[in-house]
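Protein chains: 2
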Amino acid sequence: EGRGGGVVDGVKVPVVRLNLGEIAEATVVAVLPVCGAEEREKGVEAAPWESGCKGDFGIVEAEKEWRRWVVLPAWEPVVRMKRGGVVVAFSDARALPWRVNRWYKEEAILVVVDRGNKEVVSEDGFYLVVSEDEMKVERGLALKEKGVKESLGNVVIVVRPPRDDKENELADEDWE
Amino acid sequence: EGRGGGVVDGVKVPVVRLNLGEIAEATVVAVLPVCGAEEREKGVEAAPWESGCKGDFGIVEAEKEWRRWVVLPAWEPVVRMKRGGVVVAFSDARALPWRVNRWYKEEAILVVVDRGNKEVVSEDGFYLVVSEDEMKVERGLALKEKGVKESLGNVVIVVRPPRDDKENELADEDWE
Chain A
1 EGRGGGVVDG VKVPVVRLNL GEIAEATVVA VLPVCGAEER EKGVEAAPWE
51 SGCKGDFGIV EAEKEWRRWV VLPAWEPVVR MKRGGVVVAF SDARALPWRV
101 NRWYKEEAIL VVVDRGNKEV VSEDGFYLVV SEDEMKVERG LALKEKGVKE
151 SLGNVVIVVR PPRDDKENEL ADEDWE
Chain B
1 EGRGGGVVDG VKVPVVRLNL GEIAEATVVA VLPVCGAEER EKGVEAAPWE
51 SGCKGDFGIV EAEKEWRRWV VLPAWEPVVR MKRGGVVVAF SDARALPWRV
101 NRWYKEEAIL VVVDRGNKEV VSEDGFYLVV SEDEMKVERG LALKEKGVKE
151 SLGNVVIVVR PPRDDKENEL ADEDWE
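The listed protein sequences derive, respectively, from chains A and B. Number 143 in the working numbering belongs to position 143 of the first sequence; there are no gaps in the numbering. Number 72 in the working numbering belongs to position 72 of the second sequence; there are no gaps in the numbering.
Shown next as structure tokens:
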């Protein structure tokens, strides 16, 4: 569970729930620039492209200054991007093109995007686009049907927040 | 070993060797702005003061843009600083006021500094200063003797790089 979004409905993009302890599981972490969904293409395009770790201490040295950053576990799809990775923060999951349940909708999500792969090549793939003046994740198939050939980038992973303990508290109350 | 620097010679500042796997051991990490020792007070003073983690995903949102960042395990002296933390990268350990051995001298170090504590209050404390146009770590006692009352900040921890496997390889060769 928590990774279920990745298989439901033929979705080929991994959806993972962040476990802060997990930032630990690998010996390396990924540090990526963050922009808000409300900044639309401006934020996505402005974020630094280089955010690799350098030297003994894994210092992140971007080619330009940036204000917001996030540390993610070194998940394979994240680490595979050599450069051009950016994280778009959405306040809820309505931007996703697959059906999500109520709880999921009320959660913030992070969409990790590879700006080095903008071309809409795979019908099964997911891409970040601006549609009706809003940032959205769209299926390659849907974009191809509309004749859209270029996106802001390929979506490599969708991250849900760490599980909220309040959910469990409520469940306990229900049992009383 | 590796933490030995913290006790040798009455030194009261923890000296730790970074173990990248350790970034994992805590459920939280600290992300701090980095400047180079060669930038002197300019870099130290220019680095953002706010680098706290916000929201579910622990996104770092600084009050200004910055190019270099480092992820450290949530070591207590690092986490204790609420704001004003900055990391100064030195190419070797000559900037430290205590005697260091040959290997130590050839290693880069990171000095984590609390800019919120600039006043030279403790004789046992260590402070970051610019002396003879070079950035250095000095003992509170030495500064007080010179009548220096203000520093660039109190040194909260000194970080040595992860152990180099080559040291072990050489040792193996020695045995052949």
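We treat Cβ as the ideally placed atom computed from N, Cα and C, and that holds for glycine. Remember, it's a predicted structure, so these values are computed and weren't measured experimentally.
- prompt: Within the chosen definition, does the region 91–102 of chain B reach the region 93–100 of chain A through at least 3 CB pairs nearer than 8 Å?
  reply: no
- request: Starting from B/Glu138, find everything on chain A with Cβ-Cβ shorter than 7 Å and list it in chain order.
  value: Chain A residues near B/Glu138: none, gap ~23 Å exceeds 7 Å.
field: For A/Pro77, three-class secondary structure by DSSP
entry: helix
- request: Quick one: residues in its chain with C-beta nearer than 8 Å to the C-beta of A/Glu25, no 5 flanking neighbours on either side, listed in chain order?
  value: Summary for A/Glu25: the model assigns pLDDT 48, below 50, so the residue's position carries little reliability, and this model does not support an answer.
message: Tell me the DSSP secondary structure of B/Ala89 in three-state form.
response: strand
field: For B/Ala108, the three-state DSSP class (helix, strand or coil)
entry: coil
- request: Would you list the residues sitting across from B/Arg139 in a DSSP beta bridge?
  value: B/Phe126
message: Could you check whether the Cβ of A/Val156 sits closer than 9 Å to any Cβ belonging to chain B?
response: no
task: Determine the chain A residues that contact B/Phe90 at a beta-carbon separation under 8 Å, and present them in chain order.
output: Here the premise fails: no neighbours, minimum Cβ distance about 11 Å.
- request: Given a cut-off of 9 Å, decide if B/Glu61 and A/Arg102 are closer than it, judged by their beta-carbon atoms.
  value: no
query: Taking 9 Å as the CB-CB limit, is B/Pro77 close to chain A?
result: no
Where the beta strand (DSSP E) containing A/Gly36 begins and where it ends: 29–36
Residues, ordered as in the chain, of the region 57–88 of chain B that lie near chain A by beta-carbon distance below 7 Å: Phe57, Gly58, Ile59, Val60, Glu61, Ala62, Lys64, Glu65, Trp66, Arg67, Arg68, Trp69, Val70, Val71
message: Is the beta carbon of A/Pro97 closer than 9 Å to that of A/Lys136?
response: yes
message: With a threshold of 8 Å on Cβ separation, who are the neighbours of A/Val78 within its own chain once the five nearest residues in sequence on each side are excluded?
response: Ala30, Leu32, Leu72, Gly85, Val112, Val156, Ile157
query: Cα-Cα, which of A/Ser151, A/Arg160, A/Ala46 is closest to A/Asn117?
result: A/Ser151
C-alpha gap between B/Glu38 and A/Glu106, whole angstroms: 47 Å
query: Hey, how far is the Cα of A/Lys54 from the Cα of A/Lys64?
result: 15 Å
query: Per DSSP, what kind of secondary structure is B/Val44 in: helix, strand or coil?
result: helix
query: CA-CA distance, A/Arg115 and B/Asn154?
result: 41 Å
- prompt: Ends of the beta strand (DSSP E) at A/Arg160?
  reply: 153–160
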